[in-house]
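Okay, so the sequence shown: first residue is 16 according to the numbering used here, each after it adds one. Quick notes on the structure that follows.
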Amino acid sequence: MSIETDTTMLPRIDATGAAPGSADLAELRAVDISAWFGTHKVLDRVSLTMPAGGITALIGPSGCGKSTFLRILNRMHELVPSAQLAGEVLLDGHDIYSPDRKLTDARRSIGMVFQKPNPFPAMSIRDNVIAGLKLTGTSASRSEKDALVESCLTKAGLWKEVHNRLDAPGGGLSGGQQQRLCIARSLAIKPRVLLMDEPCSALDPTSTRVIEETMLELAEEVTIVIVTHNMQQASRVSTQCAFFLASHGTPGVIVEYGDTYAMFNSPQDQRTTDYVNGRFG
Numbered sequence: 016m017s018i019e020t021d022t023t024m025l026p027r028i029d030a031t032g033a034a035p036g037s038a039d040l041a042e043l044r045a046v047d048i049s050a051w052f053g054t055h056k057v058l059d060r061v062s063l064t065m066p067a068g069g070i071t072a073l074i075g076p077s078g079c080g081k082s083t084f085l086r087i088l089n090r091m092h093e094l095v096p097s098a099q100l101a102g103e104v105l106l107d108g109h110d111i112y113s114p115d116r117k118l119t120d121a122r123r124s125i126g127m128v129f130q131k132p133n134p135f136p137a138m139s140i141r142d143n144v145i146a147g148l149k150l151t152g153t154s155a156s157r158s159e160k161d162a163l164v165e166s167c168l169t170k171a172g173l174w175k176e177v178h179n180r181l182d183a184p185g186g187g188l189s190g191g192q193q194q195r196l197c198i199a200r201s202l203a204i205k206p207r208v209l210l211m212d213e214p215c216s217a218l219d220p221t222s223t224r225v226i227e228e229t230m231l232e233l234a235e236e237v238t239i240v241i242v243t244h245n246m247q248q249a250s251r252v253s254t255q256c257a258f259f260l261a262s263h264g265t266p267g268v269i270v271e272y273g274d275t276y277a278m279f280n281s282p283q284d285q286r287t288t289d290y291v292n293g294r295f296g
């Protein structure tokens, strides 16, 4: 039987947009991560546990390796020709860089939302949401796709605003709406972890508030890791914080990690105190 007609071995979604076994929350753990671009070392033996169902914020000044660390968590670092990596990234105890793990498996389990909204501009809102199904080889009927579109747009806080114009181009939405559309697109393949690289940096305060509310709601079903330079945002949405720092040309390291409230109110390291209080960075 041809690949085009044989869908029996493809994963399927159910009528609510859920994939089998996707309800369990995932712990993500980085162990002794070091990273290089060519001969330039940008991270040095970084270890961090990102608890299941929590929101972990990565904070620190520009150039300390936060975004590089985030990209390592779903194997985007290796797309850079000169990039090298040491250490492990464990999703529920299994290294996503193991030779027996496919790149597509890592990307399916660990989604990514970027700093700048990147919907497919000429593609409809509906097709933007379900674009990942074809890339991941997920089979779905029209009714299942419709249910998935509504489910994901609802979770991304966008359904009420666009439900009557799903065939309009995604590029015609406002910046904040485009970012929420990208979140919906990421959710459509049912990731267990969602990485967000400064998702609100280009948005106005109202759109930022909506995105933050969306993150807090999503944390009930997906583990979230967010890079942010906004200390108020980190304190509002995250349950744990990790403070990255690279000083005097040395690679980035984690200076301090722990409960967000404790990090902002009783940090253990003076450098953390100085940073969260705006004395540098």
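The beta carbon of each residue, even a glycine, is placed where N, CA and C say it ideally should be. Just so we're clear, the structure is a prediction, and the values are computed from it rather than from any experiment.
Out of curiosity, what's the CA-to-CA distance linking residue i and residue j?
| i | j | result |
| --- | --- | --- |
| Q99 | P266 | 14 Å |
| G186 | D274 | 38 Å |
| F295 | D289 | 7 Å |
| E165 | I198 | 13 Å |
| A137 | A183 | 9 Å |
| A286 | C79 | Going by the sequence as given, residue 286 is Arg instead of Ala. Between R286 and C79, the C-alpha separation is close to 14 Å. |
| Q283 | K149 | 48 Å |
| R207 | T151 | 15 Å |
| W51 | S97 | 8 Å |
| E42 | S281 | 26 Å |
| G147 | L40 | 21 Å |
| R60 | I269 | 9 Å |
| V291 | R251 | 13 Å |
| Q130 | K117 | 26 Å |
| F258 | I74 | 5 Å |
So is residue i buried or exposed if we call it buried at 16+ other beta carbons inside 10 Å?
| i | result |
| --- | --- |
| A277 | exposed |
| G53 | exposed |
| H92 | buried |
| N319 | Since the displayed the chain opens at 16 and closes at 296, residue 319 lies outside it and no answer follows. |
| L94 | exposed |
| Q255 | buried |
| N143 | buried |
| R8 | Lying outside 16 to 296, the shown extent of the chain, residue 8 is not represented and no answer is given. |
| G293 | exposed |
| R123 | buried |
| P134 | buried |
| P114 | exposed |
Among the options, whose alpha-carbon lies nearest the alpha-carbon of residue i?
| i | options | result |
| --- | --- | --- |
| H13 | H178, E213 and M65 | For the chain, the structure presents residues 16 to 296; residue 13 sits outside this window and is missing. |
| L260 | A249, Y272 and R251 | Y272 |
| G102 | S62, I269 and N133 | S62 |
| E159 | I145, L150, G152 and T151 | I145 |
| L210 | N292, D142, S82 and R286 | S82 |
| I70 | S253, F279 and G293 | S253 |
| R200 | A155, A249, S49 and M127 | M127 |
| T153 | D120, R180, W51 and I140 | D120 |
| H263 | D47, A45, V57 and S49 | V57 |
| L218 | I204, Q248 and A203 | Q248 |
| R224 | S124, I140 and Q194 | Q194 |
| N179 | P134, I140 and A45 | I140 |
| I204 | L196, L163, T221 and S216 | L163 |
| M5 | P220, V270, F279 and L181 | Any question about residue 5 goes unanswered here, given that the chain covers just 16 to 296. |
| L202 | I74, S77, A234 and S222 | A234 |
| V46 | D110, C215, T221 and S156 | D110 |
| E176 | L196, I125 and H55 | L196 |
| R44 | S77, I125 and H55 | I125 |
Three CB pairs or more closer than 8 Å across the region 176-191 and the region 105-124: no
The region 66-74 in contact with the region 224-238 per 3-pair CB rule at 8 Å: yes
Contact between the region 170-180 and the region 213-233 (3+ Cβ pairs under 8 Å): yes
Runs of beta strand (DSSP E) wholly within the region 134-218 (minimum 3 residues, chain order): 208-212
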